[in-house]
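The block underneath contains the structure these notes are about, expressed in structure tokens.
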Amino acid sequence: MITIYGRANSINVRKVLWLCEDIGLAFERLDYGRGFQDPNVPEITRHNPNALVPTIVDGDVGVWESNTILRYLAAKYGPPELYPSDLVERSHVDRWMDWQLSAFYPAFHPLFFGL
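For what it's worth, this note's numbering labels the leading residue of the sequence shown as 598, then goes sequentially.
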């Protein structure tokens with residue numbers, strides 16, 4: 598079972614939760630981040646020097662940055678079609694995740710927080 602550090606109302610944590618639920622991966626989520634426990638604690642900083650959420654711990658491995666977490670979990674636990682081993686097919690997945698971070702989120706962010 599993996600541990601997810603982060604508050605459920607964070608869109609970046611939600612992405613990780615959605616993937617875990619979609620692939621049936623057991624997890625424990627602990628509330629850290631804005632409005633909850635301070636993530637600048639050894640349990641998190643030993644895996645993520647930035648002390649940000651989401652951060653996951655899978656055994657002895659810590660992974661941080663939401664899209665990196667998605668890639669890791671999909672490759673390790675998901676069905677092959679979710680994160681294909683074929684690099685051309687995988688590039689289709691990667692480009693949409695990178696687009697979400699570089700183009701969609703910056704445009705969406707002001708609207709979201711404006712509401």
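All C-beta atoms, glycine included, are put in the ideal place defined by N, C-alpha and C.
Query: Residues near Tyr669 in its chain [Cβ-Cβ closer than 7 Å; skip 5 each side]; Result: Val660
Query: CA nearest to the CA of Ile653, picked from Pro707, Leu614 and Asp695; Result: Leu614
Query: Inter-residue spacing [alpha-carbon to alpha-carbon] between His644 and Gly632; Result: 21 Å
Query: Whole-angstrom distance between Arg687 and Asn647, CA atom to CA atom; Result: 28 Å
Query: Reference Leu679, options Ser663, Asp655 and Leu616, closest by Cα; Result: Leu616
Query: Same chain, Cβ closer than 7 Å to Asn637, neighbours up to 5 away in sequence not counted; Result: Ala648
Query: Separation of Ile641 from Gln634, as counted between CA atoms; Result: 11 Å
Query: Rounded straight-line distance, which links the Cα of Arg626 to that of Gly603; Result: 7 Å
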